[in-house]
Amino acid sequence: MTTTPVAAAGPTTDRLRALVTAIRGTVDRGLPPGPTSRLVAERIAPHLGAPDLLTPEQCEPDPARYRQHVVHAEPDGSFSVVVIVWLPGQATPIHDHVAWCATGVHLGEEHERRYQLVPDGPSARLLATEDVVNRAGEVAALAPPGDIHRVRNDGDGTTLSLHVYGADITRLGTSVRRLYRLPADR
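If you want it as structure tokens, here you go:
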């Protein structure tokens, strides 16, 4: 299974530009990945649910899979801001990331299962460690290593979430470092 394609979105809003400025100020502090992701999540939180955050184009779904709209990529490659639109039943494969990540749910709910990679004889397997429901207005922060998870929309309506990655995913083509096909707790 491959990751979902990255789709560029149209014009942006004043609120989103203000959020990008706040994220830039946080990232430019040069802190380690863990604190950076937590502080960026704090910057996202006040904007979630605001009707003037996203344009209609940035909220467009894809009926076949969750859709990513890159709404900002910092010129120096230090971060990207992505809107992910999830229709009911859409999910990611189990994966981890190339860099730290801060997320916030703008509309709906994201259901997340987190995993730990554990030895299993000559190979390894994934042990489910936590199930989390991220609701509208809630934020989360992840930093490698230990950021293995699967995210899905288990609800009846569309979910919109904002993701900030500590890398330019337009250059990389994805925020995913690795897809896991190992045996996993479901």
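All residue numbers for the sequence shown refer to my numbering, where the first residue is 1492 and numbers rise by one.
All residues carry an ideal CB built from backbone N, CA and C; glycine is no exception.
Computed from a predicted model, the values in this text were never measured in an experiment.
Reduced DSSP secondary structure (H/G/I, E/B, other) of residue i
i: L1598; result: strand
i: S1614; result: strand
i: G1521; result: coil
i: E1551; result: coil
i: R1506; result: helix
i: A1536; result: helix
i: R1556; result: coil
i: A1541; result: coil
i: T1665; result: coil
i: T1546; result: coil
i: P1526; result: helix
Nonlocal neighbours in the same chain, by C-beta distance under 7 Å from residue i, ignoring five residues either side
i: L1618; result: Y1606, Q1607, V1609, D1676
i: G1568; result: A1658, D1659, R1662
i: P1554; result: L1578
i: V1511; result: H1563, V1572
Beta-carbon proximity list for residue i, same chain, < 6 Å, skipping 5 on both sides
i: H1640; result: E1603, R1605
i: L1530; result: T1517
i: A1564; result: S1571, D1659, T1661
Residues that DSSP places opposite residue i in a beta bridge
i: W1577; result: T1650
i: D1622; result: R1604
i: I1639; result: Y1606
i: V1655; result: V1572, A1593
i: L1670; result: H1586
i: A1631; result: T1594
Cutoff 8 Å; reference residue i; Cβ partners in own chain excluding five residues on either side
i: T1600; result: Per the sequence presented here, residue 1600 reads as Glu, with Thr not at that position. Result list for E1600: V1624, N1625, R1626, A1627, N1644, D1645, G1646, T1650, in chain order.
i: D1505; result: D1543
i: G1540; result: H1597, L1598, A1627, G1628
i: V1562; result: A1500, T1503, L1507, L1545, Q1549, V1572, V1573, V1574
i: P1636; result: D1587
i: Y1557; result: T1495, I1575, V1576, W1577, L1578, Q1581, A1582, T1583, N1644
i: L1522; result: L1530
Exercise. Assess, as a yes-or-no matter, whether the region 1660-1671 is touched by the region 1584-1595 under the definition of 3 or more beta carbon pairs within less than 8 Å.
Key: yes
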